Amino acid sequence: SIAAENVEREQSTLWLKAGYLQPETEGFVCAIQDQVFPTKYYQKTILKTDDGKCRLCKTADESLNHLLAGCSTLTSSDYLALDNQVAKIIYQQIAKRCGLLKSYPPYYKFNSAPVLENEKYTLY
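Per the numbering used here, the sequence shown starts with residue 1186, numbered consecutively.
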């Protein structure tokens, strides 16, 4: 909770105040954070639909946690592909901040050299 003693309230909400995100992206992030993203389990518990089971494995409740880390139908290579996509986005943002990129393609089109470097930074 943001009211917890060990939470820096100003830093925790800075990303919202800075306006770096598109409104749609901000909405998705907030929905995920508040656990109101429309998974089947959410639809069952909040919207009172009949079925909350995962549409992939059909055994566990379909929550974000289940989809991101626990669905038996998604193989380890599926999870690795997701992790690699996230790492690619982070890598691109670091390269951008360090002045290592001349252009900024969308993350899904971004392919980098194994090593990027300039006078000040080297990024592997």
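C-beta: ideal position from N, C-alpha, C; glycine also.
On a predicted model such as this, the values are computed, not experimentally measured, just so you know.
Pairing Leu1301 with Ala1280 gives a Cβ-Cβ distance under 7 Å. Nearest neighbour of Cys1256 by Cα position, chosen from Lys1233, Cys1242, Arg1194 and Leu1232, turns out to be Cys1242. In the structure shown, Lys1225 adopts helical secondary structure according to DSSP, grouped into three states. For the set Pro1223, Ser1186 and Ala1189, the Cα lying nearest the Cα of Glu1247 is the one of Pro1223. Here Lys1233 is exposed. Its C-beta has fewer than 16 other C-beta atoms within 10 Å. The closest CA to that of Leu1267, considering only Ser1197, Tyr1292 and Cys1283, is found on Tyr1292. The C-alpha of Leu1265 is placed about 18 Å away from the C-alpha of Ser1297. Ranked by Cα distance from Asn1250, the options Asp1235, Ile1217, Gln1270 and Val1271 are led by Ile1217. Short of 6 Å from the beta carbon of Gly1237, and not among the five residues preceding or following it, lie these beta carbons of its own chain, in chain order: Lys1225, Tyr1226, Lys1229 and Asp1246. For Lys1238, the three-state secondary structure derived from DSSP is strand. If you draw a straight line from the Cα of Val1214 to the Cα of Arg1240, it comes to about 22 Å. Short of 8 Å from the beta carbon of Asn1303, and not among the five residues preceding or following it, lie these beta carbons of its own chain, in chain order: Cys1283, Gly1284 and Leu1285. With a 10 Å radius around the Cβ and a threshold of 16 neighbouring Cβ atoms, Gln1207 comes out exposed.
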